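Visitor:
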Amino acid sequence: MKRHTVGVMSSGQMMGNAARSLGTAMTEAVTTYYSGQDMQTAQTIRNAESDSEATDIVRAMRQGRAIDTLMVAASAASGAVAGALLQRTLGNPSMYGVSPVGGLGLLTMLAGLAAPLGLPGRAALVAGGATYLAGAQLYSHLFPKEPAP
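Under the numbering used here, the sequence shown has 32 at position 32, and the numbering climbs by one with no breaks.
(1) Going residue by residue through the stretch 53-126, where are the continuous alpha helix (DSSP H) segments of at least 4 residues, counting only ones entirely within it?
(2) Within the same chain, show all residues whose beta-carbon is closer than 8 angstroms to that of L90, passing over the 5 residues directly before and after it, in chain order.
(3) Anyone know if the C-beta pair for L104 and Y132 falls short of 8 angstroms?
(4) Does the stretch 36-55 touch the stretch 81-100, meaning 3 or more C-beta pairs lie closer than 8 angstroms?
(5) My assumption, with CB atoms under 8 angstroms, is that A134 sits in contact with L86. Please give the rounded CB distance.
(6) Straight-line CA distance for V58 to L142?
(7) When DSSP labels each residue in this structure, what does A42 get in the three-state scheme?
(8) Helix, strand or coil: which one does DSSP assign to S50?
(9) From this set, A115, V81, R65 and T55, which residue's C-alpha is nearest G128's C-alpha?
(10) Going by other Cβ atoms of all chains shown within 10 Å of its Cβ, with 16 needed for buried, is R65 buried or exposed?
(11) Mind checking whether V72 and A124 have CB atoms under 8 angstroms apart?
(12) Return the Cβ separation of A48 and A54 in integer angstroms, given the expectation that the two are a contact with Cβ distance under 8 angstroms.
(13) Which value, in whole angstroms, describes the spacing of the CA atoms of S75 and R62?
(14) Quick one: what's got a C-beta closer than 8 angstroms to A130's C-beta in the same chain, skipping five residues either side?
(15) Roughly how many whole angstroms lie between the Cα atoms of G163 and S52?
So this is what it looks like as structure tokens:
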């Protein structure tokens with residue numbers, strides 16, 4: 001039969017508890033989350049001292065980092081520019097009013113949906129692919145090809 005002693009901790013446990021703060025716990029959890037160490041993240045959340053601390057850790061992970069948002073924005077912006085440039089470079093091809101160049105953007109979007117990456121990486125692929133497709137299609141509509149004589 002196990003005996004439980006309430007309130008009795010070793011000196012190491014006491015030092016560990018004293019040194020551990022909410023900020024430290026959140027930093028550890030978010031760092032391990034973005035390092036792809038799911039087991040350590042789960043253990044950090046499970047070992048949180050309170051439900052509020054665990055909730056704060058999950059909220060910080062869900063919110064993401066500013067660099068993630070910038071990565072998605074940069075992918076979207078570069079996708080639009082790349083789609084329009086390739087549409088122009090290839091002579092503005094069009095089939096029934098649709099740019100076939102935009103198909104590359106659709107493939108990128110599908111790859112983003114299926115890729116075994118974290119949410120920021122997948123979002124960057126989908127956003128970049130969608131704006132690539134939009135850039136190619138917009139170029140096709142804004143600068144229609146003159147019919148051959």
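We put the beta carbon where it would ideally sit given N, CA and C, even for glycine. None of these values were measured; they are calculated from a predicted model.
Guide: Reading off the structure:
(1) For secondary structure counted as the alpha helix (DSSP H) over 4 or more consecutive residues, the stretch 53-126 holds these complete runs in sequence order: 66-89 and 103-114.
(2) What you label residue 90 is simply residue 90 of the sequence shown in a count that begins at 1. Correct list, in chain order: V101.
(3) Taking the sequence shown and counting its residues from 1, the one referred to as residue 104 is at position 104. Taking the sequence shown and counting its residues from 1, the one referred to as residue 132 is at position 132. The answer is yes: Cβ separation under 8 angstroms.
(4) They do not touch, by the three-pair rule.
(5) Here residue 134 refers to the residue found at position 134 of the sequence shown. Here residue 86 refers to the residue found at position 86 of the sequence shown. Going by Cβ atoms, the distance from A134 to L86 rounds to 13 angstroms, so no, they are not a contact pair.
(6) The residue given as residue 58 occupies position 58 in the sequence shown. The residue given as residue 142 occupies position 142 in the sequence shown. One C-alpha to the other measures close to 45 angstroms.
(7) Taking the first residue of the sequence shown as 1, we reach residue 42 at position 42. Secondary structure of A42 (DSSP, three-state): helix.
(8) By one-based count along the sequence shown, residue 50 stands at place 50. Assigned with DSSP and collapsed to three states, S50 falls in coil, not helix or strand.
(9) Translated into positions along the sequence shown, residue 128 becomes position 128. Nearest of A115, V81, R65 and T55 to G128, Cα basis: V81.
(10) For the purposes of this step, residue 65 is taken as residue 65 along the sequence shown, with counting starting at 1. Looking at its Cβ environment, which holds fewer than 16 other Cβ atoms inside 10 Å, R65 is exposed.
(11) Locating residue 72 in the sequence shown gives position 72, counting from the first residue. Locating residue 124 in the sequence shown gives position 124, counting from the first residue. Against a cut-off of 8 angstroms, the Cβ pair of A124 and V72 comes out as a contact.
(12) Residue numbering aside, residue 48 sits at position 48 when the sequence shown is read from its first letter. Residue numbering aside, residue 54 sits at position 54 when the sequence shown is read from its first letter. Rounded to whole angstroms, the Cβ separation of A48 and A54 is 4 angstroms, and the two are in contact under 8 angstroms.
(13) Position 75 of the sequence shown, counted from the first residue, corresponds to residue 75. Position 62 of the sequence shown, counted from the first residue, corresponds to residue 62. When rounded, the distance between both Cα atoms is 20 angstroms.
(14) Numbered from its first residue, the sequence shown carries residue 130 at position 130. If we look at A130 and ignore the five residues flanking it on each side, its Cβ neighbours are A76, G79, G105 and M109.
(15) Nothing in the structure corresponds to residue 163, since the chain is present only between 1 and 149.
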